[in-house]
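Novice:
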Amino acid sequence: MREVYLDYSATTPVKKEVLDEMIPYFCEKFGNASSLYTPGLEAKRALDKAREQVAALINASPQEIFFTGCGSESDNWVLNGAAQLLKGKGNHIITTVEEHHAILHTCDALKKQGFEITYLPIDENGRIDPADVEKAITDKTILISVMLVNNEIGTVHPVKKIAEIAKAHKILFHTDAVQGLGNVPIDVKDMGIDLLSMSAHKIYGPKGVGALYMRKGIRLPNLINGGAQENGRRAGTENVPGIVGFGKAAELAKANFDAHVAHASELRDYLAERITIEIPHVYVNGTMAERHPGNLNITFEYIEGESILLLLDQFGICVSTGSACSSKSLKPSHVLAALGVSDELIHGTVRFSIGDFTTKDDIDYTVEKLKLVVARLRELSPLGPGKSW
Amino acid sequence: MGLYNDTVMENFLNPKNVGEIEDPDGVGVYGSPVCGDMMQMQIKVDENDVITDCKFKTFGCGSAIASSSMATQMIIGKTVEEALKITNKDVVDELGGLPAVKIHCSVLADHAIKSAIYDYAQKHGKTYEGLAGFDPNADDDDDEAPEE
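These protein sequences, in sequence, are chains X and A. Residues in the first sequence are numbered from 207 upward in steps of one, following our numbering. Residues in the second sequence are numbered from 158 upward in steps of one, following our numbering.
In structure tokens, the structure reads:
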């Protein structure tokens, strides 16, 4: 059966060139990068190269890149580190309502320790207003964290403007760039960013490896203590093959950036056009301007997301949904709720995210099956135009 | 397929008794799109109090649709009193089980049936022991576990 994967925001396949780069470091060049003999030095060189490659993608210096186990770990390091470092100065953190759970749940934990968190709202287009950031700052604010690109609706936030405001008030600025990396241009120097979280498996690298960019001069307390890996900042024997893969993936992302963005946005716009023209009672969530090039988030009225997902899966099509039924917590997407989408519409949302391996035929196939799926579920549904509950 | 077993998937992909009845004897609607699950059940009851037909329409996830489909099959051919004895646990058992977070879908199906029968009872001036204490407008928010 045909398989169409349209959930690149969840994870991506490892590209062949990335895997080829990684393989030698499993069985042949397996040395511990901290060992002083030749195989160790070889592994260390591979890490250094990867560090340069990742740094180049965001215009950082290699010494400012620290490898972690995942994007979530990077987020945890920033929040906990800043809290620990600066609690003498203040206890207030500014973030947004639509951050990833790695930020939100870590903030919840900090609240229990006496920190106060301000969650900035998003407008109906999903955007943060820099003016709101300015208004929220107090003399107790120690960190501002605003994600670069939202994972559910793909909104690109005005991070450079917000970083400027943070700098003017001498407050640390962090951005979770897990979804933004490789999808929007990032220049940490030009954008004035102090801290930035990244993840390999969103850019055709392996799972289980992330990174934190920490601007030279900033010394956050460690999250993981132990050996002297990562220049003493993040203990744990390095995942050499994973990091090598991350480096290669970053190199490819930089080289292919324009082509990747053009390919994804063309197909995403085509998908959006076909769906909105050919299927009635649908709504696009979030603005199409300044959006992750491959993201499309659509509500299908009168039907529910998990059942859409399951029926599409029967046709080999993979998407994700903001419906409560599909989450273990049974809570609907907090991002769509923050956008002002009503509960009953949140349950009918589907997120499509297009990537490098998506073809126009994939889109055509998806739309044809989607029409069948939506029609079928609307047949089953007691809701419809003119039929209220 | 990890999420649902074959019986549940079959009832989701090929649900039975979908639709509406022309001139139904009882109609029950339970849940709401706000919660993400909403079921509408319509029944036809003959002079011997036997449920001769039942049709459903559901807005909801795989479990919700499967539970509705199974529930309709379980009550057709039964008397109203027999149908009232069916609990959500029976629906789950007939389905061969549902993931713990989805048990509430079977509770919805149970309530939707009872609502339809309640409506029938109201319209025909009948009372049933099985409906004692049943409130068609009650919230089901607290029902996570099957009724024992």
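Note that CB positions come from ideal geometry on N, CA and C, so glycine has one too.
Would you give the residue range spanned by the beta strand (DSSP E) that E606 of chain X belongs to?
Specialist: Not covered by the structure: residue 606 of chain X. The range shown for chain X is 207 to 595.
Novice: Compare the beta carbon distance of V237 of chain A and D267 of chain A with 8 angstroms and say whether it is the shorter of the two.
Specialist: At the C-beta level, V237 of chain A and D267 of chain A stay beyond 8 angstroms of one another.
Novice: Applying a beta-carbon distance threshold of less than 9 angstroms, which residues of chain A neighbour Q269 of chain X?
Specialist: The premise fails here: Q269 of chain X is roughly 44 angstroms from chain A at the closest Cβ pair, so nothing lies under 9 angstroms.
Novice: Using a Cβ-Cβ cutoff of 9 angstroms, what residues of the segment 489–512 of chain X are near chain A? List them in chain order.
Specialist: Y508, I509, E510, G511, E512
Novice: Could you tell me which chain A residues have their CB closer than 9 angstroms to the CB of D213 of chain X, listed as they occur along the chain?
Specialist: What D213 of chain X touches in chain A: nothing, since even the nearest Cβ is about 16 angstroms away.
Novice: So what's I299 of chain X in DSSP terms, helix, strand or just coil?
Specialist: strand
Novice: Measure how close the beta-carbons of K173 of chain A and T215 of chain A come, nearest whole angstrom, since I'm counting them as under 8 angstroms.
Specialist: Contact doesn't hold; Cβ gap of about 12 angstroms is too wide.
Novice: Only counting the same chain, and skipping five residues up and downstream in sequence, which positions put a Cβ closer than 6 angstroms to that of N356 of chain X?
Specialist: E304
Novice: Nearest chain A C-beta to R208 of chain X closer than 8 angstroms, yes or no?
Specialist: no
Novice: Check whether the Cβ of I233 of chain A lies closer than 8 angstroms to any Cβ atom in chain X.
Specialist: no
Novice: Determine, using beta carbons only, whether C218 of chain A comes closer than 8 angstroms to chain X.
Specialist: yes
Novice: What residue does the beta strand (DSSP E) around L326 of chain X start on, and which one ends it?
Specialist: In the DSSP annotation of this structure, the continuous segment of the beta strand (DSSP E) that includes L326 of chain X starts and ends at 322–326.
Novice: Grouping DSSP H, G and I as helix and E and B as strand, with all else coil, what is T565 of chain X?
Specialist: coil
Novice: Run through DSSP, which three-state label would S226 of chain A get?
Specialist: helix
Novice: What in chain X is Cβ-close to K214 of chain A, meaning under 9 angstroms?
Specialist: Against K214 of chain A, the close residues of chain X are E585, L586, S587, P588, L589, in the order they occur along the chain (beta-carbon pairs closer than 9 angstroms).
Novice: What ranges does the beta strand (DSSP E) occupy inside the segment 482–542 of chain X, keeping only unbroken runs of at least 3 residues that lie completely in it?
Specialist: The beta strand (DSSP E) runs lying completely inside the segment 482–542 of chain X and spanning 3 residues or more are 488–490, 501–506, given in chain order.
Novice: Under 9 angstroms Cβ-Cβ, which residues of chain A neighbour H553 of chain X?
Specialist: P190, V191, C192, G193, D194, F216, G217, C218
Novice: Expressed to the nearest angstrom, what Euclidean distance is found between the alpha-carbon atoms of A295 of chain A and A273 of chain A?
Specialist: 14 angstroms
Novice: Select from A:V249, A:E177, A:K235, A:D210 the residue whose C-alpha is nearest the C-alpha of N162 of chain A.
Specialist: A:V249
Novice: Would the beta-carbon of F558 of chain X fall within 8 angstroms of that of L253 of chain X?
Specialist: no
Novice: Under the DSSP definition of a beta bridge, which residues are partnered with C211 of chain A?
Specialist: DSSP, once it has assigned bridges, lists A:I200 as partnering C211 of chain A.
Novice: By Cβ distance, which residues of its chain are closer than 6 angstroms to P268 of chain X, with the 5 residues on each side in sequence left out?
Specialist: R257, E258, A261
Novice: Going by C-alpha distance, which of X:D568, X:N286, X:E223 is nearest F452 of chain X?
Specialist: X:E223
Novice: Does the segment 432–444 of chain X touch the segment 364–374 of chain X, meaning 3 or more C-beta pairs lie closer than 8 angstroms?
Specialist: no
Novice: Distance check for G287 of chain X and V339 of chain X, CA to CA, integer angstroms please.
Specialist: 21 angstroms
Novice: To which residues does DSSP link Y285 of chain A through a beta bridge?
Specialist: Y285 of chain A pairs with nothing; no bridge assigned.
Novice: Looking only at its chain, what residues have a beta carbon closer than 6 angstroms to the beta carbon of M198 of chain A, apart from the 5 residues adjacent to it on each side?
Specialist: G185, F213, A269, I270, A273
Novice: Relative to the C-alpha of Y476 of chain X, which residue among X:Y419, X:T344, X:Y571 is closest?
Specialist: It is X:Y571 whose Cα lies nearest to the Cα of Y476 of chain X.
Novice: Could you tell me whether the Cβ atoms of M231 of chain A and E251 of chain A are closer together than 8 angstroms?
Specialist: yes
Novice: Anything in chain A within Cβ reach of S529 of chain X, meaning under 9 angstroms, just list it in chain order.
Specialist: G193, C218
Novice: Quick test of your reading: I264 of chain X and Y419 of chain X, contact by CB under 8 angstroms. State the CB separation rounded to the nearest angstrom.
Specialist: 6 angstroms
Novice: Run through DSSP, which three-state label would K293 of chain X get?
Specialist: coil
Novice: Using beta carbons (cut-off 8 angstroms, strictly below), is I222 of chain A in contact with chain X?
Specialist: So yes, I222 of chain A belongs to the interface.
Novice: How would you write the range of the alpha helix (DSSP H) that A278 of chain A sits in, first residue to last?
Specialist: 260–280
Novice: Using a Cβ cut-off of 8 angstroms (strictly closer), state whether Q435 of chain X contacts chain A.
Specialist: no
Novice: Count the other CB atoms, across all protein chains shown, that sit within 10 Å of the CB of Q319 of chain X; report buried if there are 16 or more and exposed otherwise.
Specialist: exposed
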